[in-house]
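Chemist: One gets the working numbering by counting positions in the sequence shown from 1 and adding 701 to each. By construction, the Cβ of each residue, glycine as well, lies at the ideal position given by its N, Cα and C atoms. Only a predicted model underlies this, so the values are computations on that prediction, with no experimental measurement involved.
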Amino acid sequence: MFNNIPTVLTPKEIIDKCFSKASKIELPEERNWLMQVKTQCIDKVSTVESIAVSHLKKLVKKFPSTDHLHPFYLDMLDMAFDVDAYKMSLGKVQWSYRKIVELAGKAIKNLKSKDDASKMNAVVRQFYGRFVSIIEDLSEELDLLSKCRDHMKRIPEINADIPTFLIAGMPNVGKSSLVTALSTARPRVAAFPFTTQNISIGYLMLGLQRIQIIDTPGVLDRPMLERNEMERKAISALNRIDGKIIFLFDHTGTSGYSDESQEALYNEVVKETGKFVIRVQTKIDMDTGKREELAISTMTGDGLDRLKEEMQSTIGIDA
């Protein structure tokens, strides 16, 4: 979704690009020297208008409208930037390119009525001055949009239109291993803007339905009191995804977390997300003492078919 957003040029880069192109305009010599000057002046104004408007228009078109963004992405954007400022920046960019079109139209109309070369050049200089002023006045807006673009490109691409399962549980309980074991292809890995860790997104078919499985390290894996403000907002964003949760318990002791701490986290996840949660015991190849109704091993594959059946039942898909 965000990979098609073009690079945001700085005001200086826009101005330099426009004037560089305009300065290279050369026309074949005509008998009527005055007509040649007029044509050249018109072409300079048209060139500056075309290059600047093309770039600014592309920004408005390619940056996603907040009216059409899924709430998950809107929250992700709002974590780092003020959404109102984002909308106002796009609005000002749109106003600016429309103003440039208006000024260029007036300048060209004015040029067509002139019959003196010095007056024609004066019209071009006046247009250039107004154009530079408009572009330079976009400095803050273009800077914000450039930062928004970098942020957006780091947001993992999640399909909000298919059934989704979020994997939760303490670190080292086997969350990423489960995503890999369930996925029909190698999971995609993407960087969350608010953590140094990567999100892992896998897919599988349950019946005729494509299912999405997401591991969110650094988010649903520790008590709320240990989370910073950004991570709390991340949980709020994840709540926007219409999905279920698979909470993993490791009773082998190899993860380094007690049963009590895992149970406490489970209760927090249930409370904070309000989502339906499936309890699953992992690593049963290392501990035969089954304590959960659903128990699996990603190493041997034991229990995975039973888990898939439960997932299928949970989202109402026929076998």
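What are the partner residues of Asp916, as DSSP defines its beta bridges?
Modeler: Ile868, Ser901
Chemist: DSSP three-state label for Arg933, please.
Modeler: Note: Arg933 maps to helix in three-state DSSP.
Chemist: Below 8 Å between beta carbons: does that hold for Leu846 and Thr711?
Modeler: no
Chemist: So, with DSSP's three-state summary, where would you put Met906?
Modeler: strand
Chemist: What's the C-alpha gap between Lys718 and Ile752?
Modeler: Within the model, the alpha-carbon separation for Lys718 versus Ile752 is close to 8 Å.
Chemist: Once DSSP output is grouped into helix, strand and coil, what is the label at Ala1020?
Modeler: Low local confidence applies: a pLDDT of 46 at Ala1020 is under 50, so the model's placement there is unreliable, with the coordinate-based value given in what follows. If DSSP states are grouped into helix, strand and coil, Ala1020 belongs with coil.
Chemist: Do you know how far the Cα of Ala996 is from the Cα of Phe948?
Modeler: 12 Å
Chemist: Looking at the unbroken beta strand (DSSP E) that takes in Val981, where does it start and where does it end?
Modeler: 978–982
Chemist: Would the stretch 863–875 and the stretch 930–944 be scored as touching if the rule is three or more Cβ pairs under 8 Å?
Modeler: yes
Chemist: Does DSSP put Val890 in a helix, a strand or coil?
Modeler: strand
Chemist: Buried or exposed: where does Ser814 fall if 16 or more other Cβ atoms within 10 Å of its Cβ makes it buried?
Modeler: exposed
Chemist: Rounded to whole angstroms, what is the Cα-Cα separation between Lys713 and Glu837?
Modeler: Here the alpha carbon of Lys713 sits roughly 8 Å from the alpha carbon of Glu837.
Chemist: Got a sec? Which residues, its chain only, sit under 8 Å from Val978 by beta carbon, not counting five neighbours each side?
Modeler: Ala869, Lys945, Ile946, Ile947, Phe948, Tyr967, Val970, Val971
Chemist: Would you decide whether Ala886 is buried or exposed? Buried here means 16 or more other CB atoms lie within 10 Å of its CB.
Modeler: exposed
Chemist: In three-state DSSP terms, what is Arg911?
Modeler: strand
Chemist: Going straight from the alpha carbon of Ala1020 to that of Asp922, what length do you get?
Modeler: Low confidence applies here, because Ala1020 scores a pLDDT of 46, under 50, leaving its location unreliable and the question unanswered by this model.
Chemist: Following the continuous beta strand (DSSP E) through Lys945, name the residue where it begins and the one where it ends.
Modeler: 944–950
Chemist: With DSSP as the reference, please indicate the residues paired to Ala965 in a beta bridge.
Modeler: Note: Ala965 sits in no beta bridge, so no partner.
Chemist: Would you check if there are 3 or more beta carbon pairs closer than 8 Å linking the stretch 797–816 to the stretch 736–743?
Modeler: yes
Chemist: Under three-state DSSP, which class holds Ala861?
Modeler: coil
Chemist: Using 8 Å as the threshold, is the C-beta distance between Ile912 and Leu905 below it?
Modeler: yes
Chemist: First and last residue of the alpha helix (DSSP H) that includes Phe720?
Modeler: 712–724
Chemist: Please report the residue range of the alpha helix (DSSP H) in which Leu770 lies.
Modeler: Premise fails: Leu770 is in no alpha helix (DSSP H) and is neither H nor E.
Chemist: What is the residue span of the alpha helix (DSSP H) that Asn873 lies within?
Modeler: Careful: Asn873 lies outside any alpha helix (DSSP H) and carries neither H nor E.
Chemist: On a CA-only basis, which of Val749, Ala808, Asn704, Glu730 is nearest Leu760? Give me that one, please.
Modeler: Asn704
Chemist: Kindly indicate the opening and closing residues of the alpha helix (DSSP H) around Ile836.
Modeler: That run of the alpha helix (DSSP H) goes 818–837.
Chemist: Rounded to whole angstroms, what's the CA-CA distance from Leu778 to Gln795? Just pull it up for me.
Modeler: Straight-line Cα distance between these residues: approximately 20 Å.
Chemist: Taking one C-beta from the stretch 875–889 and one from the stretch 821–832 each time, how about it: are there three or more such pairs within less than 8 Å?
Modeler: no
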